[in-house]
Structures are given as structure tokens and as C-alpha cells.
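Okay, structure first, notes after.
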Amino acid sequence: MSEVKVAENVVTVEIMGRKYEVPQGITLVQAMWYTGHEMIREIGCLGGVCGACATLYRTPDSHKLKSGLGCQIIVEEGMSFSISRSFPVRKPIYHLEEIDDPKQDLFKYFPEVAHCRNCNACTEACPQGIDVRTGIWKAVFGDFKDASDLFMPCVMCNLCVPVCIAEISSNQVGLYVRRAQSVFFSDRHPILLKRIEEIKDGKFDSEWETLFSLSEKELKDYQVA
Ligand code: FES
């Protein structure tokens, strides 16, 4: 009887429903490449900060559907996963300079935010370990300082969005809160204020003109003296 040879240093994974053998120790994104899957829109930084590689996966030791960043998760024997394609997220249009009361206007741009049912699915889905549910409640009660601190590590991967039974785009709420906190409720550093004045006074106009006059190739070679 012939011996079945088990390949060493490989694991068997299921990618979008099909089984593959891939080297141990590589990330899910690398496994996608290794198996010939084209990925353009779903990757960016490869360092866990751009949020482009949102991934859903299962491991054999659990019944749970898990989520994470594909460039940060290492393949495991028996794992199945799909890197999620982009899906529509509601992005309200607002201009901070036209807002009088950002805490009140939270409900104008995100009326669904008041319907949070405390299920905590957003927090469980967050690959950054953000307590998203608490962040939403802090925002609802006007504590923008704490809410923006909570949402600070958000990489806008959108994984909190499809799991929300109240249809809240929590990452978009977090972005609004962070922006509002910065514009309305935070002191600006004196160096930043000075630099803004210098820009207004035209201190850097000649540098801008130089940059805008360069071709794409010249721009690539350009180095500030
Ligand atoms: S590619 Fe940027 S977070 Fe994964």
C-alpha cells in the first residue's frame, strides 16, 4: 500500500470556499497572493494601519465567525477565510465649518446612532480592540473627548458596519466625533497656530508654486534642499 505523504511546513486553508495548501507562517493576504488571487483594492499598507484588508474567517476550534485585518493574521491549519470586497457604507456629507452645535448635529447626520441596542457586536468585530459600543454611547451623551479617544486607533476597515443591527456606521460616527473634537473642543498647539499664520501670510507660496510647476517625473525626483 502506498504511503500518503504529508507535506511539511504547509497548512491547508479554505479561501472563498476552495481548499489550498499554503506555507506556514504567512499572512492571509500573502496566502491570497500565493494561491493566485488578484488583490488590488483590498490591500494598502500591509502594516495594519490602512484598514483595507478587512477579512472574515473561521478557525476549526470555534463556531464563531471572526473578523480581522488580513495582513496581520497568520494562516492556521483548517482555517477558512474571505477577504471582504468593499461594500457600501453610508457616509453623510457634512462641513464642519457650517456646524453650530456638533453634539446636537450628531443626530442630524447619524440619526440611527440613538438606536444602539447594546449588543456589542461592533466591539467584537473590531480588529483594533476598540470598545466601539462604549464609543457610540459616549458620543450619544455628548462626551466627545472620551469618544474620540476611544475611536483614535480606528483604521476605517468597516468591519463594525455590517454587524450592527441598528444599521449604525460606527466608524463613520467615530470619524465625525474625532473631527468635531479637534475643531470645536481642543486647544490648538501654539506651533500649529503659528504655522497656519505663516501659510496665510504667504511664507511658503514660492515652494508651492515650484511644486505645482513640476511634472510627475520631476516631482518624484524632487528633494527639498
Ligand atoms: S493592508 Fe493596510 S491594514 Fe492590512
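Numbered according to numbering that gives the first Met the number 0, the sequence shown spans residues 0 to 224. Just so you know, even glycine gets a beta-carbon here, dropped at the ideal spot from N, CA and C. On a predicted model such as this, the values are computed, not experimentally measured, just so you know.
8 angstroms contact criterion, which residue i and residue j should meet: CB distance rounded
i	j	result
P91	F109	7 angstroms
V28	C52	6 angstroms
A165	R116	6 angstroms
C159	C125	6 angstroms
K226	F143	Only positions 0 to 224 of the chain appear in the structure, and residue 226 is not among them; the question remains open.
Simplified DSSP state of residue i, which is helix, strand or coil
i	result
S185	coil
R178	helix
L218	helix
I73	strand
T26	strand
Q127	coil
N157	coil
G173	helix
Y93	coil
L191	helix
M38	coil
I98	coil
V3	Reliability of the predicted coordinates at V3 is poor, the pLDDT of 47 falling under 50, and no value is obtained from them.
Residue i - containing alpha helix (DSSP H), residue span
i	result
T133	V131 to V139
F143	F143 to F150
K107	P101 to Y108
V112	Premise fails: V112 is in no alpha helix (DSSP H) and is neither H nor E.
L210	D204 to S212
Sheet register partners of residue i (DSSP bridge)
i	result
I164	Bridge partners of I164: none, in fact.
G67	T54
T122	In DSSP, T122 forms no bridge with anything.
Bounding residues of the beta strand (DSSP E) (the contiguous stretch that carries residue i)
i	result
L55	A53 to R57
F9	According to the sequence displayed, residue 9 carries Val and not Phe. Looking at the DSSP string, the run of the beta strand (DSSP E) that includes V9 is V9 to I14.
S79	S79 to I82
V21	R17 to P22
Cβ of residue i within 8 angstroms of any chain C Cβ
i	result
K144	Structure shown: chain C not included; a single protein chain is present.
Assess contact between the stretch 190-205 and the stretch 133-151, defined as three or more Cβ pairs (one per stretch) separated by less than 8 angstroms. Is contact present? no
Evaluate the contact criterion for the stretch 117-136 versus the stretch 145-155: three or more CB pairs, one atom per stretch, below 8 angstroms. yes
Given 8 angstroms as the limit, is there contact between the stretch 56-70 and the stretch 93-100, that is, 3 or more CB pairs closer than that? Contact annotation: the stretch 56-70 does not touch the stretch 93-100, with fewer than three C-beta pairs closer than 8 angstroms.
Given 8 angstroms as the limit, is there contact between the stretch 109-119 and the stretch 61-74, that is, 3 or more CB pairs closer than that? no
Please determine if the stretch 163-178 and the stretch 195-211 are in contact, where contact requires at least 3 C-beta pairs separated by less than 8 angstroms. no
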